[in-house]
Amino acid sequence: MENKTKQFHAILNKIEDYDKILILRHQNPDPDAIGSQAGLGELLKNRYPEKSIKLAGKSFPDFHYIAEMDEISLEEFQESLLVITDTANRPRIDTPFPIKDNHPWIKIDHHPDDEPYGDISYVDTTASSASEIIAEMSILLGEDLPMTDAAAQVLYAGIVGDTGRFLYPSTTSKTFMIASKLVEYTFDHSDISNYMITRPIAVNRLAGYMYQEVKISVSGVASIVLTQEILKQFGVSDIQTSMLVSIPGTFEAVVCWGIFVEQASGYYRCRLRSKGPIINQVAKRHGGGGHPLAAGANAYSLEEIQEILQEFEELVENTSK
Ligand code: AMP
Numbered sequence: 001m002e003n004k005t006k007q008f009h010a011i012l013n014k015i016e017d018y019d020k021i022l023i024l025r026h027q028n029p030d031p032d033a034i035g036s037q038a039g040l041g042e043l044l045k046n047r048y049p050e051k052s053i054k055l056a057g058k059s060f061p062d063f064h065y066i067a068e069m070d071e072i073s074l075e076e077f078q079e080s081l082l083v084i085t086d087t088a089n090r091p092r093i094d095t096p097f098p099i100k101d102n103h104p105w106i107k108i109d110h111h112p113d114d115e116p117y118g119d120i121s122y123v124d125t126t127a128s129s130a131s132e133i134i135a136e137m138s139i140l141l142g143e144d145l146p147m148t149d150a151a152a153q154v155l156y157a158g159i160v161g162d163t164g165r166f167l168y169p170s171t172t173s174k175t176f177m178i179a180s181k182l183v184e185y186t187f188d189h190s191d192i193s194n195y196m197i198t199r200p201i202a203v204n205r206l207a208g209y210m211y212q213e214v215k216i217s218v219s220g221v222a223s224i225v226l227t228q229e230i231l232k233q234f235g236v237s238d239i240q241t242s243m244l245v246s247i248p249g250t251f252e253a254v255v256c257w258g259i260f261v262e263q264a265s266g267y268y269r270c271r272l273r274s275k276g277p278i279i280n281q282v283a284k285r286h287g288g289g290g291h292p293l294a295a296g297a298n299a300y301s302l303e304e305i306q307e308i309l310q311e312f313e314e315l316v317e318n319t320s321k
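Each residue of the sequence shown is one higher than the one before, counting from 1 in full-length UniProt numbering.
Structure follows, in structure tokens:
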């Protein structure tokens, strides 16, 4: 705890050295990416009203209920300290301009630290979410970084998002403790949970298709390929498929699964999930990474998808031995 507080103080000390702070997160964001980014932004705006605190990254209307992004000029970018939340590796950072090697930057993340970066790197893989880390930072730093209603709201959204509403095993007693502290602030937490389960009509129709079409092997490996044609037919974007990732796992007997989303350029984004077997090693073998039970990769052909599924089959077989 003391060591953590020290590390959080080191982050704050570095932030104090700069007038401009730019907070970034990963490409194809999810509620935790936006929640941790915006939550840190709100905490810093409250603590340092004289500083310029901005959020950057591609804008996604589906996440405007959490936060919207700021416009950044190249000059501002060059003068800013970058704080990157929820992003394991450099290529996945959603940045408006390339980051030069000598740019001052800080990493705050909860993914396995396979590709360290940043002048300061704070990685806690036991945290359910990057939002949990940002909230913990405020709790441990107390008056040095006080919590606000606005920060509590977006951090809570990030935690709810990454834990599947406190469902996934990454949810710990600390997660509940932090969430319980956040709901002491003034915001409508049930509104946020409702937002998370309310999906656009097109996405729900595609969910119906997935419930019908998902393939399940004898050993409990589930899979579905969402082609560009299917996405167009249902009017659903690649980023919106994040709302459907848990569907195969709701089938009895499914142990691990992949949703393979064809991209406009032809390759497949693989959304991989597991209820037990550790799958991020499979993801790494296919150009990806992520958490032990929630990972992602890229497959460049239907054959490569079959390879991933075969590796899942072997994992399930080895795990049940
Ligand atoms: P997703 O299915 O996009 O929600 O991703 C699940 C987890 O896997 C996230 O925590 C990501 O950080 C990680 N991930 C997804 N795609 C990649 C990738 N191409 N490379 C490394 N990690 C990834």
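Even for Gly, the Cβ is constructed at its ideal location relative to N, Cα and C.
All values derive from a computational prediction rather than experimental measurement.
- A distance of 8 Å or more separates the beta carbons of Leu24 and Ile106.
- In the three-state scheme derived from DSSP, where H, G and I count as helix and E and B as strand, Asp113 is classed as coil.
- Short of 6 Å from the beta carbon of Ser242, and not among the five residues preceding or following it, lie these beta carbons of its own chain, in chain order: Asp30.
- At least one heavy atom of the ligand AMP lies closer than 7 Å to the C-beta of Arg92.
- Residue ranges of uninterrupted beta strand (DSSP E) with 3 or more members, entirely inside the region 152-231 and ordered along the chain, are 221-226.
- Judged by their CB atoms, Ala222 and Val214 are nearer to each other than the 8 Å cut-off.
- The Cβ neighbour count for Glu68, taken over all protein chains shown within 10 Å, is under 16; the residue is labelled exposed.
- Nearest Cα to Gly35 within the set Ile11, Lys45, Glu50, His64: His64.
- For Val316 and Val255, the gap between their C-alpha atoms comes out near 7 Å.
- Residue burial is scored here from C-beta neighbours: Arg47 has at least 16 other C-beta atoms within 10 angstroms and is therefore classed as buried.
- Looking at the backbone, the Cα of Lys58 and that of Phe176 are separated by about 31 Å.
- Here DSSP, grouped into helix, strand and coil, assigns Ser138 to helix.
- A Cβ-Cβ distance of about 18 Å is found for the pair His110 and Leu82, leaving them out of contact under the 8 Å criterion.
- Across the set Gln78, Gly290, Ile259, the C-alpha of Ile259 shows the shortest separation from the C-alpha of Gln306.
- In this structure, the straight-line span from the alpha carbon of Gly41 to that of Ala151 is close to 8 Å.
- With respect to Ser128, Thr172 sits close: the two C-beta atoms are nearer than 8 Å.
- Here Thr85 carries a strand assignment [DSSP, helix/strand/coil].
- For Asn13, the secondary structure class from DSSP, reduced to helix, strand or coil, is helix.
- Between the beta-carbon of Lys4 and that of Leu167 there is about 26 Å, and that puts the pair past the 8 Å contact cut.
- Those residues that bring their Cβ nearer than 5 Å to a heavy atom of the ligand AMP are Arg271, Gly288, Gly289, Gly290, Ala294, Ala295, Gly296.
- Assignment of Ile133 by DSSP, reduced to helix, strand and coil, places it in the helix class.
- In the DSSP assignment, Phe260 falls outside any alpha helix (DSSP H) and within the unbroken beta strand (DSSP E) covering 256-262.
- Residue nearest to Ile216 within the set Leu44, Gly249, Gly290 is Gly249 (criterion: CA-CA distance).
- Ala295 is bridged by DSSP to Leu272, Gly290.
- Boundaries of the beta strand (DSSP E) around Ser52: 52-55.
- Contact between Leu293 and Pro169 is confirmed by a C-beta separation of about 7 Å, below the 8 Å threshold.
- Membership of Val282 in the alpha helix (DSSP H) is indicated by the continuous run 280-285.
- By the beta-carbon neighbour count (other beta carbons within 10 angstroms, threshold 16), Gly266 is exposed.
- C-alpha of Phe77 to C-alpha of Glu16: approximately 17 Å in a straight line.
- At a Cβ-Cβ threshold of 8 Å, Gln228 and Val203 do not count as neighbours.
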